Every structure is written in structure tokens, then in C-alpha cells.
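>
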Amino acid sequence: MNTIEEILDYAIDQEQQAADFYALVASNVDTARMKKIMEDFSEEELRHKQILQSVKQGDKTLTPEKEVLDLKISDYLVEVDVHDKITYQDALIIAMKRERAAYELYSNMAEKLPEGQLKEVIQGLAIEEAKHKLFFESEYDDRVLIDN
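Residue 119 is where the sequence shown starts when you use this note's numbering, and the numbers rise one by one after that.
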């Protein structure tokens, strides 16, 4: 990925994959609450895709916000595979890991870009993914760690 267009195309594809993933998880979770959360995150990833498409067309900018708290819970959890009916805990672990990977992807992309609008857009997306990770880590902390 050397050109701005290639970077944006890759990011757009990653957002679509994330949306598809959350939709798949939503169809496999065993609670209505988690289904709604996963559907909402699928929609959020599609919103990110639309933002990137607008940026690619020159219609939109995204300004990065301040850093987001990192509980680092996902750093200490083993990988979980998506299967027919996953537990709430498994869904949270998968979501944390995916959001962490997306954050790292966008952060690494931003480091390689020169100062400017595209760098700000990518940094903004990194912050969005960090917020998602924090949401899932907080949910895990509140609903899984406390119960165990």
C-alpha cells in the first residue's frame, strides 16, 4: 500500500469485514442484549466505511480526538473462534481482539503517513476502534470478571 487511494481502499475493505463479522456474531450469540450490541457495532463499522468512502471522494474529514483509556484486558485473553452458538464471554473476547487489531492497523498506518488530512482521518479511525475496544473491555470487566 503506497498510495492514499490504496490505503483508503484497504481501510474500506477492513471496515466491511468488521461489519460482516459483527453481523455474523449477532446471529450466533445466545442473548438478546449481546445480539443488539453486535448489530449496533456492525452498523458502526458500516458508518466508518461510509466515512472512508467520503474521504476518498474528498467530501469529508475526520479529526482525531484525545487518547482513549486502555484496560488491556484483551492482552491477557486467549483467542476464541466463532462457532454456532457462542457465549457472551466468547463474543466479548472476539470483539476485543478484533478492535485491538483494527486500532493497531490504523495506528501503524497513521505513523507511516505524512502530516495532513489523511493522517488525521486514519488517526481518528484508530481512536474510534480504541473506543470500541474499551467498550468491550468494560463490558467484560463488568459482566464476566465480576461474575467469576
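C-beta: ideal position from N, C-alpha, C; glycine also. The structure presented is a predicted model; accordingly, all values stated were derived computationally and were not measured.
#1: Could you round the C-beta distance between Ala220 and Ala136 to whole angstroms and report it? I think they count as a contact, below 8 Å.
#2: On the criterion of 16 or more Cβ atoms from any shown chain inside 10 Å, does Arg165 qualify as buried, or is it exposed?
#3: With 16 other CB atoms within 10 Å as the buried threshold, where does Gln132 fall?
#4: Measuring CB to CB, does Leu236 end up less than 7 Å from Leu170?
#5: When we look at the beta-carbon of Gly176 and count the other beta-carbons within 10 Å, is it buried (16 or more) or exposed?
#6: Can you tell me the Cα-Cα spacing of Glu89 and Asp260, whole angstroms?
#7: Using the beta-carbon count (16 or more within 10 Å), is Leu243 buried or exposed?
#8: Over what stretch of residues does the alpha helix (DSSP H) that includes Asp127 continue unbroken?
#9: Classify Glu255 as helix, strand or coil using the three-state DSSP reduction.
#10: Decide if Glu222 is buried, meaning its Cβ has at least 16 other Cβ atoms within 10 Å, or exposed.
#11: Is it buried or exposed for Gln241, if we count other Cβ within 10 angstroms and need 16 for buried?
#12: What is the rounded straight-line gap between the Cα of Phe254 and the Cα of Ile245?
Short version:
#1: In the sequence shown, counting from the first residue as 1, residue 220 sits at position 102. In the sequence shown, counting from the first residue as 1, residue 136 sits at position 18. Distance from Ala220 to Ala136 at the Cβ level is roughly 6 Å; contact confirmed, criterion being Cβ atoms closer than 8 Å.
#2: In the sequence shown, counting from the first residue as 1, residue 165 sits at position 47. By the Cβ neighbour-count rule, Arg165 is exposed, with fewer than 16 other Cβ atoms within 10 Å of its own.
#3: Along the sequence shown, read from residue 1 onward, the residue named residue 132 stands at position 14. Buried.
#4: Working through the sequence shown from its first residue, we reach residue 236 at position 118. Working through the sequence shown from its first residue, we reach residue 170 at position 52. Against a cut-off of 7 Å, the Cβ pair of Leu170 and Leu236 comes out as no contact.
#5: Position 58 of the sequence shown, counted from the first residue, corresponds to residue 176. With fewer than 16 other Cβ atoms within 10 Å, it is exposed.
#6: Limits of the chain in this structure are 119 at one end and 266 at the other, which puts residue 89 out of reach.
#7: Residue mapping note: residue 243 aligns to position 125 of the sequence shown, counting from 1. A residue is called buried once 16 or more other Cβ atoms fall within 10 Å of its Cβ, and Leu243 is buried on that count.
#8: To locate residue 127, count along the sequence shown from 1; it is residue 9. It spans 122-146 - the alpha helix (DSSP H) in which Asp127 sits, taken as one unbroken run.
#9: Counting from 1 along the sequence shown, the entry for residue 255 is found at position 137. Looking at Glu255 - three-state DSSP - the assignment turns out to be helix.
#10: Position 104 of the sequence shown, counted from the start, is the residue given in the question as residue 222. Here Glu222 is exposed: its Cβ has fewer than 16 other Cβ atoms, across all protein chains shown, within 10 Å.
#11: Here residue 241 refers to the residue found at position 123 when the sequence shown is read from its first residue. With 16 or more neighbouring CB atoms inside 10 Å of its own CB, Gln241 falls in the buried class.
#12: Within the sequence shown, numbered from 1, the residue matching residue 254 stands at position 136. Within the sequence shown, numbered from 1, the residue matching residue 245 stands at position 127. For Phe254 and Ile245, the distance between alpha carbons rounds to 14 Å.
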